[in-house]
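Q: From first to last, the protein sequence lines stand for chains R and G.
Residues 1 to 204 in UniProt numbering are what the first sequence lists, from first letter to last.
Residues 1 to 204 in UniProt numbering are what the second sequence lists, from first letter to last.
What follows is a structure written as structure tokens; I'll ask about it next.
Number of protein chains: 2
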Amino acid sequence: MITVAIAEDHQALIDGIRSYIKYEDDISIVGHANNGEELLKLVRLKQPKVVLCDIRMPKLDGIEATKTILKELPYTKVIAFTMFDQEEAVQQMLAAGAQGYILKNSSLEVVLEAIRTVSSEKTYYDKKIHQPSAEKNSSKSVLSSREREILQLIAKGRTSHQIADELFIGKSTVDTHRKNMIRKLGLSGAGELLRYAVEKKYKF
Amino acid sequence: MITVAIAEDHQALIDGIRSYIKYEDDISIVGHANNGEELLKLVRLKQPKVVLCDIRMPKLDGIEATKTILKELPYTKVIAFTMFDQEEAVQQMLAAGAQGYILKNSSLEVVLEAIRTVSSEKTYYDKKIHQPSAEKNSSKSVLSSREREILQLIAKGRTSHQIADELFIGKSTVDTHRKNMIRKLGLSGAGELLRYAVEKKYKF
DNA sequence: ATTAAAATCCCTACTAATGGGGATTTTTTT
DNA sequence: AAAAAAATCCCCATTAGTAGGGATTTTAAT
Chain R
1 MITVAIAEDH QALIDGIRSY IKYEDDISIV GHANNGEELL KLVRLKQPKV
51 VLCDIRMPKL DGIEATKTIL KELPYTKVIA FTMFDQEEAV QQMLAAGAQG
101 YILKNSSLEV VLEAIRTVSS EKTYYDKKIH QPSAEKNSSK SVLSSREREI
151 LQLIAKGRTS HQIADELFIG KSTVDTHRKN MIRKLGLSGA GELLRYAVEK
201 KYKF
Chain G
1 MITVAIAEDH QALIDGIRSY IKYEDDISIV GHANNGEELL KLVRLKQPKV
51 VLCDIRMPKL DGIEATKTIL KELPYTKVIA FTMFDQEEAV QQMLAAGAQG
101 YILKNSSLEV VLEAIRTVSS EKTYYDKKIH QPSAEKNSSK SVLSSREREI
151 LQLIAKGRTS HQIADELFIG KSTVDTHRKN MIRKLGLSGA GELLRYAVEK
201 KYKF
């Protein structure tokens, strides 16, 4: 029997998954949580084999929750379950130790498949994330890693001066990166760059 | 029999709702769509009594879809179904003619209740939206309607000059509104204001 | 009718960022 | 080893936005 815990802040989705899985006789849902802190309590108590975990959750996000869970119970299989197809989040979840990654616009059939796959010591990555790699790469590799790092700080509303202080580099360097990013992305002005930076996090 | 169409870009949630509702004998799901355009086709074909409609969808958003549906089939009951508790979206959906509004962190029990309520010519608004009205008002009424209008343009990355041209007012007026908003919201700088403006749209 | 709030506009000094250069060092690729 | 890319820094003129005033008109609220 595969025991599963679900962490997800949309109760409607939890109810739906529970209803869908109810008659699967190899999978049993041992509990659900609406935020990261609840998830930790639940996992400590029930020690499920698989955790289906939203990345974006109140109180404690999926990435931090995953790290804590795998520190305490290293044999737990974590599947990241999210609506945003961002490379950043995928990378961070994988770095935290997740064994799978699926998007919410996948069907529940895929969810079952992912649960069964990770419970048999394999990894499961949503096809929708890997297939358009050509397209993803072209739109990703435009920015260098340093540029992406700076872009994240821009997304927080920081000024070039503040970013320079945080990264221990000169303001002029930050300004240069800004200019290069604006040029590479075909934007115009600080406003559009900041908007791009913030919205990138919520891509649908 | 209450016929229902679902429009929602997360297939997982659709599968869950279908599974949950399957054994309710007064409600029947006649189809689902993953975006606004598909929804219009579906509604024209099946003419459901109730449409459960995500606000944020690819191709055509819930607000536009609702307007079109109610123009063609005015007796259809539309329930807005969204993860974001934004007053703006609620207002726009109500203006478009929606009879109900529920959040995705409601349980599916609430979804059923909402479907039954609107199908009997009543309206249904999620308690979670109305209860914290004191709190919501205090955090909403901070900005005037003109300020919110300008904030929306700021969220698009526009400069004060561009906003002034779009609204046929002076740049100095836009700058004044900017300053007032920054002061009222306790922010510092254009960056934080823009970040606030963009993130407000994706509040969880 | 009076008051309060909202919306409009202006001035000045200052800081932030752009767009146009140019340049050096480190890292990676070929 | 040579070439390319990434990261670093600087200058300058110009535009964008802040923080601090002040001021008028329109639009609600009492």
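All C-beta atoms, glycine included, are put in the ideal place defined by N, C-alpha and C.
(1) Using 8 Å as the limit for Cβ to Cβ distance, is Ser19(G) near chain R?
(2) In terms of residues, what are the limits of the beta strand (DSSP E) holding His32(G)?
(3) Return the CA-CA distance between Glu149(G) and Ile63(G), expressed in angstroms with no decimal places.
(4) Applying the 10 Å Cβ sphere with the 16-neighbour rule, what's the burial state of Tyr23(G)?
(5) Note down, in chain order, every chain R residue with its Cβ under 7 Å from the Cβ of Thr173(G).
(6) Is there a C-beta anywhere in chain R that falls below 8 Å from the one on Val90(G)?
(7) Would you mind reading off the limits of the alpha helix (DSSP H) that contains Ala164(G)?
(8) Taking the alpha carbon of Leu40(G) as the reference point, which residue from Ser19(G), Gly16(G), Thr68(G) has its own alpha carbon closest?
(9) At a Cβ threshold of 8 Å, is Gly16(G) touching chain R?
(10) Ala89(G) and Ile154(G) - do their beta-carbons sit closer together than 8 Å?
(11) Going straight from the alpha carbon of Glu44(R) to that of Ala5(R), what length do you get?
(12) Using the beta-carbon count (16 or more within 10 Å), is Gly100(R) buried or exposed?
(13) Would you decide whether Thr176(R) is buried or exposed? Buried here means 16 or more other CB atoms lie within 10 Å of its CB.
(14) Can Gly191(G) and Gly157(R) be called in contact, C-beta distance under 8 Å?
(15) Please return the same chain residues whose Cβ sits closer than 8 Å to the Cβ of Ser188(G), not counting the five positions on each side in sequence.
(16) If you draw a straight line from the C-alpha of Glu72(R) to the C-alpha of Leu108(R), how long is it?
(17) To which residues of the same chain is Glu20(R) closer than 6 Å at the C-beta, ignoring the five residues directly before and after it?
(18) Got a sec: is the Cβ-Cβ distance from Gly36(G) to anything in chain R below 8 Å?
(19) Does the CB of Gln152(R) have a neighbour CB from chain G at under 8 Å?
(20) Going straight from the alpha carbon of Glu8(G) to that of Pro58(G), what length do you get?
(21) Along the beta strand (DSSP E) that carries Ile69(G), what are the first and last residues, could you check?
(22) Got a sec? Which residues, its chain only, sit under 6 Å from Lys136(R) by beta carbon, not counting five neighbours each side?
(23) For Glu192(R), return the contacting residues in chain G, with the cut-off set at a CB-CB distance below 8 Å.
(24) Using CA atoms only, rank isn't needed, just tell me which of Ala12(R), Ser106(R), Ile79(R) is closest to Ala98(R).
(25) Let me see if you follow: with CB-CB separation under 8 Å, is Arg148(G) close to chain R or not?
(26) I'd like to know whether the C-beta of Ala114(G) is nearer than 8 Å to at least one C-beta of chain R.
(27) Please say whether Val50(R) and Val118(R) have beta carbons closer to each other than 8 Å?
(28) Compute the Euclidean distance between the alpha carbons of Glu121(G) and Leu103(G), then round it to the nearest angstrom.
(29) Does chain G have any CB closer than 8 Å to the CB of Met1(R)?
(30) Excluding sequence positions up to five away, which residues of its chain have a Cβ less than 7 Å from the Cβ of Leu193(G)?
(31) Examine chain R for any beta-carbon lying closer than 8 Å to the beta-carbon of Leu167(G), and answer yes or no.
(32) Looking only at its chain, what residues have a beta carbon closer than 8 Å to the beta carbon of Asp61(G), apart from the 5 residues adjacent to it on each side?
(33) Any beta carbon from chain R within less than 8 Å of Ala33(G)'s own beta carbon?
(34) Using a Cβ cut-off of 8 Å (strictly closer), state whether Lys104(G) contacts chain R.
(35) Listing by chain order, which chain G residues have their CB less than 7 Å from the CB of Arg70(R)?
A: According to the structure shown:
(1) Put simply, the CB of Ser19(G) is near chain R, with a gap under 8 Å to one of its CB atoms.
(2) For His32(G), the enclosing beta strand (DSSP E) begins and ends at 27 to 33.
(3) 18 Å
(4) That one is exposed.
(5) Here the premise fails: no neighbours, minimum Cβ distance about 18 Å.
(6) For Val90(G), the answer is no, since every Cβ of chain R falls outside 8 Å of its Cβ.
(7) Residues 160 to 167.
(8) Checked all of Ser19(G), Gly16(G), Thr68(G); the closest Cα to Leu40(G) is Thr68(G).
(9) yes
(10) The answer is no: Cβ separation not under 8 Å.
(11) Note that residue 44(R) corresponds to Arg in the displayed sequence, not to Glu. Approximately 11 Å between the Cα atoms of the pair.
(12) buried
(13) exposed
(14) In this structure, Gly191(G) sits near Gly157(R), with a CB-CB distance shorter than 8 Å.
(15) Residues Ile182 of the same chain have their beta carbon placed closer than 8 Å to that of Ser188(G), with the five preceding and five following residues left out of the count.
(16) 29 Å
(17) First, the residue type needs correcting, since residue 20(R) is Tyr and not Glu in the sequence shown. Once the five neighbours on either side are set aside, the close Cβ partners of Tyr20(R) are Leu108.
(18) No, no contact with chain R.
(19) Taking a beta-carbon distance threshold of 8 Å, Gln152(R) does not count as an interface residue toward chain G.
(20) 9 Å
(21) Unbroken run through Ile69(G) is the alpha helix (DSSP H), 62 to 72; no beta strand (DSSP E).
(22) Bear in mind that the predicted position of Lys136(R) carries a pLDDT of just 35, short of 50, making it unreliable; the figure below should be weighed with that in mind. Close CB contacts of Lys136(R) within its chain, under the 6 Å cut and outside five residues either way in sequence, are absent.
(23) Contact of Glu192(R) with chain G by beta-carbon distance below 8 Å involves Gly157.
(24) Ile79(R)
(25) Answer no: the Cβ-Cβ gap between Arg148(G) and chain R never drops below 8 Å.
(26) With a threshold of 8 Å between beta carbons, Ala114(G) makes no contact with chain R.
(27) Closer than 8 Å, so yes.
(28) 20 Å
(29) no
(30) Ile154, Arg178, Met181, Ile182, Leu187
(31) no
(32) Gly36, Ile55
(33) It does not: the Cβ of Ala33(G) has no partner Cβ on chain R nearer than 8 Å.
(34) yes
(35) Before going on, a small fix: residue 70(R) reads as Leu here, not Arg. Going along chain G, no residue has its Cβ under 7 Å from Leu70(R), so there is no contact; the nearest lies around 24 Å.
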